[in-house]
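Using my numbering, you'd call the opening residue of the sequence shown number 295 and step up by one each time. To keep things clear, I will list the structure first and then write my remarks on it.
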Amino acid sequence: MKKTIERAPGESVAAPARAPDMPSARPRMDWIDSLRGLATMLVILFHASVVVGRHGLEPWPPLLHLNHLFTPFRMAMLMVLSGLLVPRALAKPPRTYLLRKTGTLLYPYLLWTLAYGLLIEPAALSHVKLWMGGSYLWFILFLFTYYAWALLLRRVPPAAIVLVAALLSFLSPENSKYEERYFFLMAFFFLGHMLARDPGRIAVTDDRRLAWLAIPVVAILAAGSAIAGGINYKIELCVPVGIAILLVIGLARRHAEGGLWAPLRFVGRHSIVFFSLHYPLIYGLIALCLALGLGSVPAISAICFVVPAGLCVALAWMRERHAVLDYLYVLPL
């Protein structure tokens, strides 16, 4: 059976079971996989609730409100988790670093953007916008560019990059994807990088007193987001969002390495499979449900969460057992 090494959300690297020329791997931080898996499932839940709008249906309000509870934290947490892996990645030679990120991020982004265009928006294939993050895969493209910035700015303190990115997000046009959102998420990516450079910073999250201080902040922000219809990518709220992420990291470090979290760890290890496939599956399932005469939005949303998640689990399981399937998600460079 093939062994895979996961790096960041949407990124996995196939590797032989033994690599005598490489230094022995550090113990795996299972809590990162658990949190990545949780965030991935929240992304699928979000799309299961909103993609019905592309078929002329109104999203089911209770599910929409549930998603809005997590809106301030979901993507920011994925970025912090990715940033935590930067110092170890930068320990490799620059050429190896760039090839690895190209094969594990840019390659699947381009491949599945092509698939998305062919299956869902054929007319958009010739438009630059589609290839510059115009699909559901924008997150992977952003992540690739952040890793590129991490290499170019490797001698700049991550804290300085966090501050500059936060300022640029604040100065950007309201609700702009490639300005406000881009720099907001960049700030959290480099926050993860900053935390990872000093293990003592991550250890602070183990202090249970932090949880008691953070819970009210998180609850107020989540409730406010649900009431407001979703609060996202607002750098003015970076402090409570950061507190929420630190709270979740602390809880995960203490509790998310047990057997009960194994399913989420599996999702986290194979997040590229889930990110690549879930949206086309949801889109196709909605069309199938409508063609079969099923018009209940709650039922359609439930189907569009359970079925794609289950199919992605099956495909990830197959990927572990059939090396050729890895080329759907990773290009070994």
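All residues carry an ideal CB built from backbone N, CA and C; glycine is no exception.
Any idea what DSSP makes of residue i, helix, strand or coil?
{"i": "Ala596", "result": "helix"}
{"i": "Tyr623", "result": "coil"}
{"i": "Gly350", "result": "coil"}
{"i": "Asp629", "result": "Since the first residue of the chain shown is 295 and the last is 627, residue 629 is not available in this structure."}
{"i": "Gly518", "result": "helix"}
{"i": "Ala525", "result": "Residue 525 is actually Ile in this sequence, not Ala. Ile525: coil per DSSP, three-state reduction."}
{"i": "Asp501", "result": "coil"}
{"i": "His616", "result": "coil"}
Exposed or buried, residue i, counting other C-beta atoms within 10 Å across all chains shown (16 or more means buried)?
{"i": "Asn361", "result": "buried"}
{"i": "Glu474", "result": "buried"}
{"i": "Asp628", "result": "In this structure the chain extends from 295 to 627, so residue 628 is not present and cannot be described."}
{"i": "Trp506", "result": "exposed"}
{"i": "Arg320", "result": "Below a pLDDT of 50, predicted positions are generally treated as unreliable, and Arg320, at 46, falls in that range; no measurement from the model is reported."}
{"i": "Asp324", "result": "buried"}
{"i": "Lys395", "result": "buried"}
{"i": "Ser590", "result": "exposed"}
{"i": "Ala617", "result": "exposed"}
{"i": "Thr365", "result": "buried"}
{"i": "Met373", "result": "buried"}
{"i": "Tyr527", "result": "buried"}
{"i": "Pro452", "result": "buried"}
{"i": "Ile529", "result": "buried"}
{"i": "Arg389", "result": "exposed"}
{"i": "Leu558", "result": "buried"}
{"i": "Val456", "result": "buried"}
Would you kindly check if the distance between the Cβ of residue j and the Cβ of residue i is under 8 Å?
{"i": "Pro602", "j": "Leu413", "result": "no"}
{"i": "Ser328", "j": "Trp555", "result": "yes"}
{"i": "Ala370", "j": "Leu446", "result": "no"}
{"i": "Ile525", "j": "Leu531", "result": "yes"}
{"i": "Val346", "j": "Ile580", "result": "yes"}
{"i": "Gly562", "j": "Gly397", "result": "no"}
{"i": "Pro491", "j": "Pro353", "result": "A small fix is needed here, since residue 491 is Arg in this sequence, not Pro. Not closer than 8 Å, so no."}
{"i": "Tyr631", "j": "Phe436", "result": "Residue 631 lies beyond the residue range present for the chain, which begins at 295 and ends at 627; the question has no answer from this structure."}
{"i": "Pro493", "j": "Val511", "result": "no"}
{"i": "Ile537", "j": "Thr499", "result": "no"}
{"i": "Ile566", "j": "Tyr621", "result": "no"}
{"i": "Ile338", "j": "His564", "result": "no"}
{"i": "Ala444", "j": "Ala460", "result": "no"}
{"i": "Leu336", "j": "Arg368", "result": "yes"}
{"i": "Thr334", "j": "Phe569", "result": "yes"}
{"i": "Ala418", "j": "Gly411", "result": "yes"}
{"i": "Ile326", "j": "Leu404", "result": "no"}
**Q.** Length at least 4, wholly inside the stretch 358-435: the alpha helix (DSSP H) runs in chain order
**A.** Counting only runs of 4 or more residues that sit fully inside the stretch 358-435, the alpha helix (DSSP H) segments are 368-377, 380-384, 388-395, 401-413, 422-425, in chain order.
(Q) Please give me, in chain order, every unbroken run of the alpha helix (DSSP H) with length at least 4 that falls completely inside the stretch 447-497. (A) List check, alpha helix (DSSP H) in window: 452-465, 476-491, 493-497.
Q: For the stretch 544-596, list the alpha helix (DSSP H) runs that are entirely contained and at least 4 residues long, ordered along the chain.
A: 556-563, 565-585, all fully within the stretch 544-596.
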